[in-house]
């Protein structure tokens, strides 16, 4: 979970890979022997480096499926086809994935499905329409795309998204739907879309149509004279984050604020920064992780070498136990802290509310976090020799606070808010609105 800058850049590329893709009319192809070599390298390296891949592979009888794939490859294929075949066998957690930065095929100027989507109860709805067709309005039900039922598309694309929980994958798929449609189903200049029992012929759009203004990295707002709201896009960059948090809590102390709301609805990054943030409001000792078990391999050597005095080796893992601590802060906040939580709260964004809730240092509001409390983290990467595709892989098993051996559930909020379809289609921060209402009613 504690990321290097490279690892965070990798996360960002996974979130928004569109700018890395181009179109070409003719793909370069690799011979079957080259593809089989890369499959073997991928599987063997993952088994040796990923902390739980081997057990997942064996318990799900993946060997049988991989053998069938190897035998079925009798003709040259492209790097993109390799990605389509192998990504579902790699994306077993949110820190593990193949990264495809190559071209799309065919060579289309406007290769993208012309709308953004919301997934609700496994149905696909239009959130934003870029097509110019008025029938494709917000909230319209997308029943089929190019003759394929939407539910089938959703379930297929889930296989390509790195993560453990379907709630997390659904939010990731909403963000990347236009990209994954092109990667998995192909590049088209037009689409046949069935919407509310009507069939529409829509022209594709380009990458620029999906560009939206970016949010600031940080923001401090105030409500009702006694409520402060802290927004951070992620736990990064280090110096900007630290300067912002320190100045924010100085202002909060000066204005004698009673309640602080921290927006954690997204946010990978550095656990050290999350640790610092908690120290400004923690009334009780805490830790971001209980234990970390790093798989000993060539990819984890650098990660382990500087920490040899902080753990011990056991059965092929380097094990670190983390003590409780309680740093002192000049502008310590003694009021009530509320943390907004949801399916996109992943990685450090799950460690943070887990530590806050487990040691009773904050009130968690919203939806369950996107990562299980016992799952994988830390990262490194390797490059496949033939396709030159990069694979990023988890290196360690992370035991978050109060995990109780749970590999399924994330952080469950103290106050649960289940968004409606209208909430999801809208642009308002419904979790913030609910929290403000909660505070005002309980004052």
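In the working numbering, the protein residues as written are 1240 to 1682. Just so it is clear, CB atoms sit at the ideal spot from N, CA and C, and this is done for glycine as well. Predicted model only: the values in this text are computed from it and were never measured.
**Message:** Measuring only the C-alpha atoms, how far is residue 1589 from residue 1436?
**Reply:** 40 Å
**Message:** By the three-class DSSP mapping on this structure, what secondary structure does residue 1532 have?
**Reply:** strand
**Prompt:** Quick one, which of 1611, 1626, 1621 and 1575 has its alpha-carbon nearest residue 1603's?
**Reply:** 1575
**Request:** Would you check if the distance between the CB atom of residue 1623 and the CB atom of residue 1280 is smaller than 8 Å?
**Result:** yes
**Prompt:** Is residue 1529 near residue 1640, with beta carbons less than 8 Å apart?
**Reply:** yes
**Prompt:** Between the Cα of residue 1566 and the Cα atoms of 1511, 1648 and 1584, which residue gives the shortest distance?
**Reply:** 1511
**Asked** What is the DSSP secondary structure of residue 1547, reduced to helix, strand or coil?
**Response** helix
**Spatially closest choice to residue 1631 from 1278, 1271 and 1337, by CA coordinates** = 1337
**Asked** With DSSP run on the structure shown, which of helix, strand or coil describes residue 1491?
**Response** helix
**Request:** With a threshold of 16 other CB atoms inside 10 Å of the CB of residue 1302, please say whether the residue is buried or exposed.
**Result:** exposed
**Item:** beta strand (DSSP E) runs contained entirely in the region 1284 to 1351, provided each spans 3 or more residues
**Value:** 1336 to 1338
**Request:** With DSSP as the reference, label residue 1467 as helix, strand or coil.
**Result:** strand
**Request:** With DSSP collapsed to three states, give me the class of residue 1406.
**Result:** helix
**Request:** Please check the pair residue 1650 and residue 1608, which I expect to be a contact at CB under 8 Å, by giving their CB distance rounded to whole angstroms.
**Result:** 4 Å
**Asked** Of the choices 1654, 1392 and 1521, whose alpha-carbon is the least far from that of residue 1598?
**Response** 1521
**Request:** Report the option in 1662, 1638, 1676 and 1663 whose CA atom is closest to the CA atom of residue 1654.
**Result:** 1676
**Delimiting residues of the beta strand (DSSP E) encompassing residue 1638** = 1629 to 1638
**Request:** Let me know the secondary structure DSSP gives residue 1511 once reduced to three states.
**Result:** helix
**Prompt:** Does the Cβ-Cβ distance between residue 1366 and residue 1383 come in under 8 Å?
**Reply:** no
**Request:** Kindly indicate the opening and closing residues of the alpha helix (DSSP H) around residue 1394.
**Result:** 1389 to 1397
**Request:** For residue 1429, write down the residues that DSSP places opposite it in a beta bridge.
**Result:** 1442
**Message:** Distance check for residue 1517 and residue 1274, CA to CA, integer angstroms please.
**Reply:** 48 Å
**Request:** Determine the contact status of residue 1660 and residue 1407, defining contact as a CB-CB distance below 8 Å.
**Result:** no
**Whole-angstrom distance between residue 1314 and residue 1283, CA atom to CA atom** = 23 Å
**Prompt:** Under 8 Å, do residue 1369 and residue 1353 count as touching if we go by C-beta distance?
**Reply:** yes
**Request:** Would you list, in sequence order, the uninterrupted alpha helix (DSSP H) runs of no fewer than 4 residues that lie entirely inside the region 1635 to 1681?
**Result:** 1660 to 1664 and 1669 to 1681
**Prompt:** First and last residue of the alpha helix (DSSP H) that includes residue 1474?
**Reply:** No alpha helix (DSSP H) contains residue 1474, which DSSP labels as neither H nor E.
**Option in 1562, 1550, 1487 and 1552 with minimal Cα separation from residue 1572** = 1487
**Asked** So what does DSSP say about residue 1260, is it helix, strand or coil?
**Response** Residue placement at residue 1260 cannot be trusted, given a pLDDT of 49 that sits under 50; what the coordinates show is reported in the next sentence. Coil, per DSSP.
**Request:** Would you mind sorting residue 1647 into buried or exposed? The rule is 16 or more other CB atoms within 10 Å of its CB.
**Result:** exposed
**Prompt:** In its own chain, which residues sit with a C-beta less than 6 Å from the C-beta of residue 1489, not counting the 5 before and 5 after it?
**Reply:** 1570
**Prompt:** What are the residues that DSSP puts in a beta bridge with residue 1553?
**Reply:** 1556
**Request:** Drop a sphere of 10 angstroms on the beta-carbon of residue 1438, count the other beta-carbons inside from all chains shown, and report buried for 16 or more, exposed for fewer.
**Result:** exposed
**Integer-rounded CB distance, given that residue 1428 should sit under 8 Å from residue 1443** = 5 Å
**Prompt:** Skipping 5 residues on each side, what residues in its chain have a beta carbon closer than 6 Å to that of residue 1689?
**Reply:** Missing from the structure shown is residue 1689; the chain here goes from 1240 to 1682 and no further.
**Item:** Coil, strand or helix - residue 1456 by DSSP
**Value:** coil
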